[in-house]
Amino acid sequence: MAKGEGAESGSATGLLPPGILRGEENGRTQKGGKKQLTICSKLCYAVGGAPYQITGCALGFFLQIYLLDVAQVDPFSASIILFVGRAWDAITDPLVGFCISKSSWSRLGRLMPWIIFSTPLAVIAYFLIWFVPDFPRNQALWYLVFYCLFETLVTCFHVPYSALTMFISTEQSERDSATAYRMTVEVLGTVLGTAIQGQIVGKVDTPCIQDPDILVEEVNQTHATSSLNDTKNAYMLAAGVIASIYVLCAVILSLGVREHREPCEKKEQPPSFFRGLRLVMNHGPYIKLIAGFLFTSLAFMLVEGNFALFCTYTLGFRNEFQNLLLAIMLSATLTIPIWQWFLTRFGKKTAVYVGISSAVPFFILVALMESNLIITYVVAVAAGISVAAAFLLPWSMLPDVIDDFHLKQPNARGYEPIFFSFYVFFTKFASGVSLGISTLSLDFAGYLTRGCSQPEAVKFTLKILVTVVPIGLILLGLFLFKLYPIDEEKRRENKKALRVIREEAGSSGSDTDSTELASIL
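Each step along the sequence shown adds one to the number in the numbering used here, with nothing skipped, and position 258 is 319.
Here's what the structure looks like:
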């Protein structure tokens with residue numbers, strides 16, 4: 062039994078903060094006094110998720126080849142940049158979560174200032190990642206500094222944006238609906254990031270090495286200086302387009318979404334981070350949820366990280382990679398509304414089992430079949446269906462865990478950023494693990510850098526990394542989900558308890574609400 066279980070039977074006035082500030086800016090009132098978000102508010106909130114996905118997709122698919130072939134950083138330095146950048150990216154999430162939990166409310170809110178003021182600095186840092194400096198000696202340090210700086214600044218955007226889910230509505234159904242809008246836009250963001258970066262920089266192709274005995278320097282000498290400059294300019298143009306989209310999305314989010322403050326938090330001191338971290342990590346449903354999604358996320362990240370190499374060398378579809386990726390992302394985008402309907406109709410745990418396990422038969426098919434383009438496209442579409450579930454469900458289930466935490470820890474308020482930041486930390490940790498496993502495995506198998514073909518050991522290793530290992534990780538993650546205690550019945554109980562608490566507290570605190578509303582206006 063988790064610490065504090067059964068606290069919902071206590072006095073209502075000592076539990077969760079009473080609702081949100083009354084107003085009509087971001088929603089309309091339903092019958093019974095419930096706050097319903099408008100479609101415009103949900104869309105403005107959803108647009109805020111695009112910058113993180115667009116930039117992350119562009120960096121994830123193109124940064125390595127950019128460092129090696131355009132910036133011409135040596136492979137060892139490039140691996141240091143990628144590994145340290147991923148590790149720092151994971152560390153910044155709990156650090157930013159700590160800083161947010163200690164920050165106070167302002168006229169803009171508690172989360173919005175982080176989003177607004179980090180945006181211009183993040184855009185500058187992102188552009189400088191794709192800029193090749195004139196000095197060759199310290200190029201590795203240049204990219205390491207600006208890569209880590211950008212990851213820090215985009216974390217200052219994404220962690221408060223993730224926690225914003227808890228402050229746009231107190232209704233679970235409204236938060237779930239807004240999350241579905243957000244996941245749809247984020248998947249579209251991955252498609253947009255891939256399309257922009259791929260179409261702009263894809264005009265210049267780096268030739269592969271037919272004979273592994275040929276020195277890399279000899280291949281590099283065949284490139285004209287003007288061609289390399291064109292490639293550099295193409296990367297900067299793509300960075301400029303993506304940076305402009307980043308700014309536009311941040312403006313829409315800041316103007317279209319109102320962050321609602323809990324009235325009773327006004328007189329409270331900022332919460333203790335370490336006390337909050339101890340309480341969060343002792344909350345059983347949260348640990349079981351992130352453990353399950355840690356393994357399922359690792360499975361899909363292994364596929365993502367090795368997908369290009371698998372298509373190029375194992376399946377032999379060198380020129381079909383972008384089209385297959387587009388098929389996956391479009392399938393995921395179109396099926397997110399279906400998964401939203403499914404989890405509403407059948408429950409979130411059922412959606413986890415059906416959605417994530419649906420990828421297993423197709424992974425088995427890929428492992429057993431010979432290279433076939435049509436079947437590969439079918440598998441890509443099916444994989445997109447599972448990707449949609451993997452995108453949507455964690456962010457839809459985290460608010461349920463936080464509601465359960467509020468009922469069991471009635472005096473613990475203001476810890477929402479810790480929940481979200483540590484979930485992001487663990488997923489980024491999984492990404493770093495998948496990158497390390499893939500790199501070491503391919504190195505041991507004898508991977509040939511920039512080779513037109515690879516040894517059979519490398520092809521077999523790629524097939525294992527894309528099929529067998531993800532299947533095992535998915536099955537382990539689904540087993541952990543069996544231990545997750547918040548089913549639909551428990552969600553309904555928590556929802557009813559929170560509604561009663563908010564109604565009682567709201568009726569006793571109407572004067573305070575009116576005073577705060579007047580001061581904000």
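Every residue gets a Cβ at the ideal spot worked out from N, C-alpha and C, and that includes glycine.
(message) Between Tyr208, Ile141, Thr99 and Phe137, which has its C-alpha nearest Thr153's C-alpha?
(response) Tyr208
(request) Please list, in chain order, all residues of the same chain as Phe466 whose beta carbon is under 6 angstroms from its beta carbon, the five residues on each side excluded. (result) Setting aside the 5 residues that flank it on each side, Phe466 is surrounded in the same chain by His344, each with a C-beta closer than 6 angstroms to its C-beta; the list follows chain order.
(message) For Ala420 and Leu426, I'd like the C-alpha separation in whole angstroms.
(response) 10 angstroms
(message) Taking 8 angstroms as the cut-off, does the segment 382-397 touch the segment 521-530 (at least 3 CB pairs, one atom from each stretch)?
(response) no
(message) Quick check: Ala239 and Tyr106, are their CB atoms within less than 9 angstroms of each other?
(response) Remark: C-beta atoms of Ala239 and Tyr106 approach each other more closely than 9 angstroms.
(message) Report the CB separation of Ala449 from Ala393 in whole angstroms; it is logged as a contact under 8 angstroms.
(response) 4 angstroms
(request) With DSSP collapsed to three states, give me the class of Leu156. (result) helix
(message) Within a Cβ cutoff of 8 angstroms, which residues of the same chain sit near Cys372, ignoring the five residues on either side of it in sequence?
(response) Phe378, Arg379, Glu381, Phe382, Leu385 and Thr437
(request) Go ahead and pull the three-state DSSP assignment for Gln133. (result) coil
(request) Check each candidate in Ser140, Phe122, Trp166 and Leu359 and name the one with the smallest Cα separation from Phe486. (result) Nearest option by C-alpha distance: Leu359.
(request) Write down every uninterrupted run of the alpha helix (DSSP H) in the segment 181-237 whose length is 4 residues or greater and which is fully enclosed by it, in chain order. (result) 200-224
(request) Find the nearest neighbour of Leu350 within the set Asp548, Thr116, Gly146 and Cys118, judged by alpha-carbon distance. (result) The shortest CA-to-CA distance from Leu350 to any of Asp548, Thr116, Gly146 and Cys118 is the one to Asp548.
(message) So within the segment 412-472, which uninterrupted alpha helix (DSSP H) runs reach at least 4 residues, ignoring any that extend past its ends?
(response) Every alpha helix (DSSP H) of 4 residues or more that sits fully in the segment 412-472 is shown, in chain order, as 421-429 and 434-469.
(request) Measure the C-alpha to C-alpha separation of Val215 and Thr411 and round it to an integer number of angstroms. (result) 33 angstroms
(request) Would you tell me roughly how many angstroms separate the C-alpha atoms of Ile562 and Ser140, rounded to the nearest one? (result) 53 angstroms
(request) Count the C-beta pairs between the segment 295-311 and the segment 186-203 that are closer than 8 angstroms, then say yes if the count reaches three, no if not. (result) yes
(message) With H, G and I counted as helix, E and B as strand and the rest as coil, what does DSSP make of Gln114?
(response) helix
(message) On the DSSP bridge list, what partners appear for Ser164?
(response) None, per the DSSP bridge assignment.
(request) With DSSP collapsed to three states, give me the class of Gly170. (result) strand
(request) Measure the C-alpha to C-alpha separation of Gly93 and Gly416 and round it to an integer number of angstroms. (result) In this prediction, Gly93 scores a pLDDT of 42, lower than 50, which makes its location untrustworthy; no coordinate-derived value is stated.
(message) Restricting to Cα atoms, I'd like to know which of Ala295, Gly445, Phe211 and Phe228 is closest to Ile463.
(response) With respect to the C-alpha of Ile463, the residue from Ala295, Gly445, Phe211 and Phe228 having the closest C-alpha is Phe228.
(message) Looking only at its chain, what residues have a beta carbon closer than 8 angstroms to the beta carbon of Ile397, apart from the 5 residues adjacent to it on each side?
(response) Ala241, Met244, Thr245, Val248, Ala449, Phe452 and Leu453
(message) In this structure, how does DSSP classify Val23 when only helix, strand and coil are distinguished?
(response) Residue 23 lies beyond the stretch modelled for the chain, which goes from 62 to 582, so this question has no answer here.
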